[in-house]
């Protein structure tokens, strides 16, 4: 009996020694990781300091502004690379889209009182209007890729209308998606001088349009975007939804729920082979669907992509 107890004690002693050894190894690994984090932090601070010295600006305030923008770029890169949404990964892998997603800071387009991290979420921008989350905007970019990207074939096209690329956003809010489209084009315009792209945004609220114009100017996109105020008369706005006088359009996006009658008016403003992306509400079924509509001459093909729940475009009238 004593021998058995002694044997058990020896086995337990060996196991304890093994556990203590593993504990020491884990502790060493933790200290090693902490040191790496500290080293990375030091390198990051050194990079910021080096960047500050290279920026040819006169005032410390301007220098700080450039550092903040540099941090925004790093945050954007980290956010998209870590994203688990397929639409975001897909968009990030398109150089033109990545160029735009980095350079168009969402913080310009949201309430400045919001937590800075809210720029990467769906959030209110006031007056009953929401800025959609990045995965929705990336999904739209992916669906409109062939219409937004300038191809070498278009540059050589003799037909002027083929070079006259037009994108319309209905219910543009403070202009984020329009600026994304315009920034995508800046990536390519140096190689495609014959192309004349333009993004149009239309909204019920003059206050939001004023902010959208200010945002576009602040990032140098004034020549590539144009904003307008939509007719908000209760008995007239549905018949005038969109911006027909600026069309026809290669692509139209409406990030608010609309009726089937509204869709009929919007799709009529497409060029042949043009694409409409919108949210269609079915009042009878109390449901909404994200849809893609492609014009084929005098007919249209419709793909129902997935169910969603967006605020209605008509609902914005309540905040006028």
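In our numbering, the protein residues as written are 810 to 1129. Just so you know, even glycine gets a beta-carbon here, dropped at the ideal spot from N, CA and C. Source: prediction; values computed, not measured.
Beta-bridge pairing of residue i - partner residues as DSSP gives them
i, result
"residue 983", "Residue 983 pairs with nothing; no bridge assigned."
"residue 939", "933"
"residue 831", "In the DSSP output, where bridge partners are listed per residue, residue 831 has none listed."
"residue 1087", "1063, 1100"
"residue 1008", "976, 1034"
DSSP state of residue i mapped onto helix, strand, coil
i, result
"residue 1013", "coil"
"residue 1033", "helix"
"residue 919", "coil"
"residue 903", "coil"
"residue 877", "Annotation note: pLDDT 46 at residue 877 (below 50); position unreliable, coordinate value reported separately. It is helical."
"residue 823", "helix"
"residue 1101", "strand"
"residue 863", "With a pLDDT of only 44 at residue 863, under 50, the local geometry of the prediction cannot be trusted, and the value read off the model is given with reservation. Three-state DSSP puts residue 863 in a helix."
"residue 1024", "helix"
"residue 1116", "strand"
"residue 1110", "strand"
"residue 887", "helix"
"residue 1093", "coil"
"residue 1081", "strand"
Residue i - containing alpha helix (DSSP H), residue span
i, result
"residue 1076", "1069 to 1076"
"residue 1140", "Since the first residue of the chain shown is 810 and the last is 1129, residue 1140 is not available in this structure."
"residue 957", "954 to 957"
The ligand GDP heavy atom lying under 7 angstroms from the CB of residue i
i, result
"residue 957", "The ligand GDP is absent from the structure shown, which contains no ligands of any kind."
Rounded distance between the beta-carbons of residue j and residue i, thought under 8 angstroms
i, j, result
"residue 1011", "residue 1037", "5 angstroms"
"residue 1006", "residue 974", "4 angstroms"
"residue 1078", "residue 1088", "Going by Cβ atoms, the distance from residue 1078 to residue 1088 rounds to 17 angstroms, so no, they are not a contact pair."
"residue 897", "residue 947", "5 angstroms"
"residue 1106", "residue 980", "No, residue 1106 and residue 980 are not in contact; Cβ-Cβ is about 28 angstroms, not under 8 angstroms."
First through last residue of the beta strand (DSSP E) which encompasses residue i
i, result
"residue 998", "No beta strand (DSSP E) holds residue 998; DSSP gives it neither H nor E."
With a cut-off of 8 angstroms, do at least 3 Cβ pairs link the segment 1044 to 1059 to the segment 1014 to 1023? no
Could you tell me whether the segment 1069 to 1086 touches the segment 1051 to 1061, using the rule of 3 or more Cβ pairs below 8 angstroms? yes
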